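2 protein chains.
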Amino acid sequence: MPPLPKPTKSVTLHDVAREAGVSLITASRALSNPGVVSDKTIARVQQAVEVTGYIPNLLAGGLKSRRSMTVAALVPAISVAQFLPTVQALTESLDAAGYQLILGQGGYDHSREEALLNTLISRRPDGIVMTGLVHSPAARERLRHLRIPVVETWDLSDRPVDMMVGFSHLKVGSAVAGYFLSKGWKRLGIATGDDHRASIRREGFVSTVGHEVPTAVVPAPSNMARGRQALAELLAKDPALEAVYCSSDQLAQGVLAEAQARGLRIPADLAVCGFGDADFAAHMEPALTSVHVDGAAIGRLAAQLLMQRCQGHEVVQRVVDVGFRIIERRSTLAGAG
Amino acid sequence: MPPLPKPTKSVTLHDVAREAGVSLITASRALSNPGVVSDKTIARVQQAVEVTGYIPNLLAGGLKSRRSMTVAALVPAISVAQFLPTVQALTESLDAAGYQLILGQGGYDHSREEALLNTLISRRPDGIVMTGLVHSPAARERLRHLRIPVVETWDLSDRPVDMMVGFSHLKVGSAVAGYFLSKGWKRLGIATGDDHRASIRREGFVSTVGHEVPTAVVPAPSNMARGRQALAELLAKDPALEAVYCSSDQLAQGVLAEAQARGLRIPADLAVCGFGDADFAAHMEPALTSVHVDGAAIGRLAAQLLMQRCQGHEVVQRVVDVGFRIIERRSTLAGAG
DNA sequence: CTGTTAGCGCCTTCAA
DNA sequence: TTGAAGGCGCTAACAG
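Chains A and B, in that order, are what the protein sequence lines are.
Take 1 as the starting number for the first sequence in our numbering and just add one per residue.
Take 1001 as the starting number for the second sequence in our numbering and just add one per residue.
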């Protein structure tokens, strides 16, 4: 390895203390626990901070205090639009409490989960947020043993590692199927991503319908191109398809585009329901029916639970079901289109 | 403050060393610099790691070695779709080199820039990636003084803080205007976000057209709903509009939806060009002409420059222009629609 | 190849 | 209200 750039001796609290004419620890307290220091001293220290351009070293502080003031979040991929509001709300809520987010991309590959968790843990986060459940038993065991607050999100199960903010994907699938059946549609199809949660939704859908339905499974990332392919595939399986449930609004967008390209009228010839209620769903032509999930609320709640635990409070309700609801729009409004 | 949870005395390198029957530093070297340790010792240490469940503490290591193995990235908001491929590629490239990303959301508000940078700097990142330029003079000064590698992205200027990977927004606007003019369209309009880079593109557009053009400025976030409003606004200003340039594909999507809702044929009645070449652009009906920018390449290049500098190498080409190109599709193909 | 020594910058514990 | 030690977990720098 080539020589590293010479370490720039940065301004430390020591320099601030000297500048202010107080001891190191007094300077420390003036900044992090002002209540126990006289106002005069605080003013002197703050001025010294200005003069020296001091920026605290949270790495050093965290070493002794055992609070890194960071939270690690594990997402399959940043570009999965579904989780964006959650990550955004999480970042904002944590920031308001002085915490920073460390992001880890795990893909949908369970085998990478443990390795990635270890990497993140080596940064000693004060909490961990997972999008999805922790699947690897080794990882579950490790997390429990570390006694770090953990929030699993976007799903529910009866054996949380610690805390949980999500909803039932089985019920989502079931609800969409019930909705389709209530409309009198019989020839149903599914366009779905291949991830775990989407599969569970499919399971709920099928079990409510009562029999298997034509399904097009598309690999990640779930986007418009895949949606177009998926509809082509479904129509090949059943040219008389009446309604399609899509595991994401991006897929649904592709399904709609492909349907329109084939001259199918929505919803007269084909009804479409998406999942996620993306910001564009309401503004498409026709507007897209979708399953709404409050992703931002998931992020805020996760942050809230984490912060409570970081401050030593007990959390009574450790599993929060945020629910979901079907937003009916023109793409499934019989009589329209 | 309530009592903090009792610190769980975690497994340290000390425990590993004792378990392996070697000294602390030997254990350290076996893990981080195996080249200088005998194979037998390495094996013993690795086994001790397994037995004890040791996970290194990078905070402690970083304190001494002055390398935190983190990179801070400052984005306006995670949900700005434009930057997603960049952030994703950045995360992946850094991960491959053992670095983690710390994400800071700054909004488009320049006044928050310095505060956020200070927060991030207190984590002592080994490098900083900005989406956009550093605007605040105080922040520029501070970054220079810290001598941390900094990459400004998604833009170019003649006075980089340190390194730069981007393209000219002025040229983008100019190119789109030139393209419209070459098609013979005279009644032009702009639907644009209110951020700095979008404004510069507008400037380039107007200066090539040679006179002001009807403009609808929409606040962030740039999405389909705003696009629909924007077209309504533009048509109110000029009912005979022939072509619209949009500062994002999301806006363009809204413009297209609004046009279709009004019975306008694309592109016969109205031609539309977006910016960003989002993954859905090619699959819309009609397919959307857009300005393609390789966001993932920006992320990869930024990571590459940073890693070089972190390893003490000189970087010769400190400003990289990744360019752009107009992808022509049906939404501007005269004769179609 | 291995070990000893001395901190990194800050905060906790005790004492004044 | 302030200060003096000591140590968090690890790794550079130097010895053996």
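Yeah, the Cβ is synthetic: ideal placement off N, Cα and C, and Gly gets one too.
Just so you know, these numbers come straight off a predicted model, no measurement behind them.
Proximity test, Cβ basis, 8 angstroms: residue i and chain A
i, result
"F1275(B)", "no"
"P1085(B)", "yes"
"G1254(B)", "yes"
"Q1105(B)", "yes"
"A1336(B)", "Bear in mind that a pLDDT of 48 at A1336(B), under 50, signals an unreliable position, so the number given afterwards is only what the model happens to contain. Closer than 8 angstroms: no."
"I1121(B)", "yes"
"S1068(B)", "yes"
"R1329(B)", "no"
"P1056(B)", "yes"
"S1028(B)", "no"
"A1225(B)", "yes"
"A1257(B)", "yes"
"Q1100(B)", "yes"
Backbone secondary structure at residue i - three-state DSSP
i, result
"H1292(B)", "strand"
"D1344(B)", "Residue 1344(B) is absent from the structure shown; chain B starts at 1001 and stops at 1337."
"E1152(B)", "strand"
"D1039(B)", "helix"
"A268(A)", "coil"
"V1316(B)", "coil"
"D1321(B)", "strand"
"G106(A)", "coil"
"T131(A)", "strand"
"A1216(B)", "strand"
"G1299(B)", "helix"
"V1011(B)", "coil"
"L146(A)", "helix"
"V22(A)", "coil"
"V80(A)", "coil"
"L120(A)", "helix"
"L1031(B)", "helix"
"A334(A)", "strand"
"Q1311(B)", "coil"
Extent of the continuous alpha helix (DSSP H) to which residue i belongs
i, result
"T208(A)", "196-209"
"M224(A)", "224-237"
"V1342(B)", "Residue 1342(B) lies beyond the residue range present for chain B, which begins at 1001 and ends at 1337; the question has no answer from this structure."
C-beta contact flag for residue i and residue j at 8 angstroms
i, j, result
"L1074(B)", "L1117(B)", "yes"
"T91(A)", "L84(A)", "no"
"T1215(B)", "A1271(B)", "no"
"D238(A)", "G274(A)", "no"
"T86(A)", "I298(A)", "yes"
"S174(A)", "S207(A)", "yes"
"G276(A)", "Q253(A)", "no"
"N1223(B)", "F324(A)", "no"
Any chain B beta carbon closer than 8 angstroms to residue i
i, result
"D195(A)", "no"
"E285(A)", "yes"
"F280(A)", "yes"
"S93(A)", "no"
"S207(A)", "no"
"Q47(A)", "no"
"S79(A)", "yes"
"R124(A)", "yes"
"G62(A)", "yes"
"A260(A)", "Correcting the residue identity first, residue 260(A) is Gln in this sequence and not Ala. Chain B, which has a Cβ nearer than 8 angstroms to the Cβ of Q260(A), makes this yes."
"A240(A)", "no"
Residue range of the unbroken beta strand (DSSP E) whose run includes residue i
i, result
"G62(A)", "No beta strand (DSSP E) contains G62(A), which is instead part of the alpha helix (DSSP H) from 58-65."
"V1176(B)", "Here V1176(B) belongs to no beta strand (DSSP E); instead the alpha helix (DSSP H) covers 1169-1182."
"I327(A)", "325-327"
"L188(A)", "188-193"
"Q253(A)", "No beta strand (DSSP E) contains Q253(A), which is instead part of the alpha helix (DSSP H) from 249-261."
"L1074(B)", "1070-1075"
"V244(A)", "243-246"
"V165(A)", "163-166"
Any non-hydrogen atom of the ligand NAP within 7 angstroms of residue i CB
i, result
"W1154(B)", "Although the ligand NAP was asked about, the structure shown includes no ligands whatsoever."
With three or more C-beta pairs closer than 8 angstroms as the rule, is the segment 1130-1150 of chain B touching the segment 1167-1185 of chain B?
For the pair of segments examined, the segment 1167-1185 of chain B was found not to touch the segment 1130-1150 of chain B: the number of CB pairs separated by less than 8 angstroms stays below three.
Does the count of Cβ pairs from the segment 192-200 of chain A and the segment 284-294 of chain A closer than 8 angstroms reach three?
No: the two stretches stay apart, fewer than three of their Cβ pairs being nearer than 8 angstroms.
State whether the segment 1306-1320 of chain B contacts the segment 1157-1165 of chain B, with contact taken as three or more CB pairs (one from each stretch) at a distance under 8 angstroms.
Short answer: they touch.
Report yes or no: do the segment 204-220 of chain A and the segment 298-313 of chain A share at least 3 C-beta pairs separated by less than 8 angstroms?
Counting Cβ pairs under 8 angstroms, fewer than three are found: no touch.
Three or more C-beta pairs closer than 8 angstroms, one from the segment 255-264 of chain A and one from the segment 202-213 of chain A: is that the case here?
With contact defined as three or more Cβ pairs closer than 8 angstroms, the segment 255-264 of chain A and the segment 202-213 of chain A are not in contact.
Stretch-stretch touch, CB-based, cutoff 8 angstroms, three pairs: the segment 1039-1046 of chain B with the segment 103-113 of chain A
Verdict: no, contact absent.
The segment 1125-1143 of chain B touching the segment 125-140 of chain A, judged by at least three CB pairs closer than 8 angstroms:
Touching, no, given that fewer than three Cβ pairs across the two stretches are closer than 8 angstroms.
Check whether the segment 1012-1024 of chain B touches the segment 17-30 of chain A, taking contact to mean three or more Cβ pairs, one atom from each stretch, closer than 8 angstroms.
Because the criterion of three Cβ pairs below 8 angstroms is not met, the segment 1012-1024 of chain B and the segment 17-30 of chain A do not touch.
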